[in-house]
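The structure appears below as structure tokens.
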Amino acid sequence: MFKELESALQYEYKDISLLETAVTHSSYANEKGPGNKYNERLEFLGDSVLGFITADYFFEHFKNVPEGDLTKLRAATVCENSLYEFAKEINLGKYLLLGKGELHNGGRERASILADAFEAVIASIYLDGGIEEARKFVLRFVEKAVENHQVSFKDYKTQLQEVIQKNPEEKLSYVLVEESGPDHNKSFTVEVHLNSNVIGKGTGRSKKLAEQEAAKEALALMGL
6 MFKELESALQ
16 YEYKDISLLE
26 TAVTHSSYAN
36 EKGPGNKYNE
46 RLEFLGDSVL
56 GFITADYFFE
66 HFKNVPEGDL
76 TKLRAATVCE
86 NSLYEFAKEI
96 NLGKYLLLGK
106 GELHNGGRER
116 ASILADAFEA
126 VIASIYLDGG
136 IEEARKFVLR
146 FVEKAVENHQ
156 VSFKDYKTQL
166 QEVIQKNPEE
176 KLSYVLVEES
186 GPDHNKSFTV
196 EVHLNSNVIG
206 KGTGRSKKLA
216 EQEAAKEALA
226 LMGL
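Residues 6 to 229 (our numbering) are what the sequence shown spells out, left to right.
Structure representation (structure tokens):
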């Protein structure tokens, strides 16, 4: 079972007992009797590791976003609903060790249990492999969530489009002007054009993020 889960996590443990504890719910440990470990302490640590990794990521990749917006973005990323969605991506519920009562009550699909287990898994990877392995795991989900707007942050492209639509004869377009870096760490630079004029330029880890940065610059130039 754990080999299959390691494959889903894309991480191989040196100490597999950490993973076993991460997926063990208190209901299962209580049924097994005193001395059996469960994931609540790992969940506590994982919450802090997740908070640090996401804060660092948003600080570095949204350089012009004020503190208040960064806080909202991080909160949207680490909330129970987001973690529940992340856990479902790796089918984490399938691997949870639950007591009979929790199993009967649909614990494998319960958002709170899955979100807590996901945080515990983060902690287990951190303890086994260090912060960089934990970062690699977390950003698999966070980067995609931001790119797909699963977590909300200010949508500068939509805001810019709404401004331009007031003049129907004007046309907006986004042009990729540069792509650099290895596959695992690419950087994209995009210009936003109003008709034939460049009104903004932005760089990001994906084309969508670069387009957002370009739109943001264009809005700033308009005084918005």
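Using N, Cα and C, we set each Cβ at its ideal position, and we do this for glycine too.
Straight-line gap, residue i to residue j (C-alpha atoms, nearest Å)
| i | j | result |
| --- | --- | --- |
| Y33 | K105 | 8 Å |
| L118 | I127 | Reading off the sequence, residue 118 comes out as Ile, not Leu. In a straight line, the C-alpha of I118 is about 14 Å away from that of I127. |
| P187 | I21 | 32 Å |
| K37 | S31 | 10 Å |
| T194 | K213 | 10 Å |
| L177 | Y161 | 13 Å |
| S53 | I136 | 12 Å |
| E17 | L55 | 19 Å |
| S201 | F57 | 42 Å |
| E72 | P39 | 45 Å |
| S12 | G205 | 42 Å |
| D61 | E138 | 15 Å |
| E152 | L144 | 12 Å |
Cutoff 7 Å: residue i Cβ touching any chain C Cβ
| i | result |
| --- | --- |
| N86 | Here chain C cannot be found, since the structure has a single protein chain. |
Chain-order list of residues whose beta-carbon lies under 7 Å from that of residue i (same chain, five-residue window excluded)
| i | result |
| --- | --- |
| E218 | G207, T208, G209 |
| T82 | T59, V147, A150, V156 |
| N41 | A34 |
Beta-carbon contacts of residue i that lie in its chain and below 6 Å, excluding the five residues immediately before and after
| i | result |
| --- | --- |
| F146 | F91 |
| G51 | E124, A125, I127, A128 |
| K19 | D133 |
| G112 | L103, I118 |
Contact under 7 Å by Cβ, residue i with residue j
| i | j | result |
| --- | --- | --- |
| A125 | L10 | no |
| L165 | L78 | no |
| V203 | Y179 | no |
| T233 | L102 | With the chain covering only 6 through 229, there is no way to say anything about residue 233. |
| A80 | L97 | no |
| Y89 | A120 | yes |
Closest by C-alpha distance to residue i, when choosing among the options
| i | options | result |
| --- | --- | --- |
| D69 | L229, E45, E222 | Note that residue 69 is Asn in the sequence shown here, rather than Asp. Nearest option by C-alpha distance: E222. |
| F63 | S178, I95, N35, A150 | A150 |
| S192 | E174, L177, A215, E175 | A215 |
| I169 | E184, G112, A120, M227 | M227 |
| V182 | K93, N35, S211 | S211 |
| Y43 | V54, S53, L23, F57 | L23 |
| A116 | S129, L132, Y131, K93 | K93 |
| F49 | I95, Y131, M6, H66 | Y131 |
Helix, strand or coil at residue i according to DSSP, with G and I counted as helix
| i | result |
| --- | --- |
| H198 | strand |
| G205 | strand |
| Y18 | coil |
| S211 | coil |
| E175 | coil |
| V182 | strand |
| F193 | strand |
| L103 | coil |
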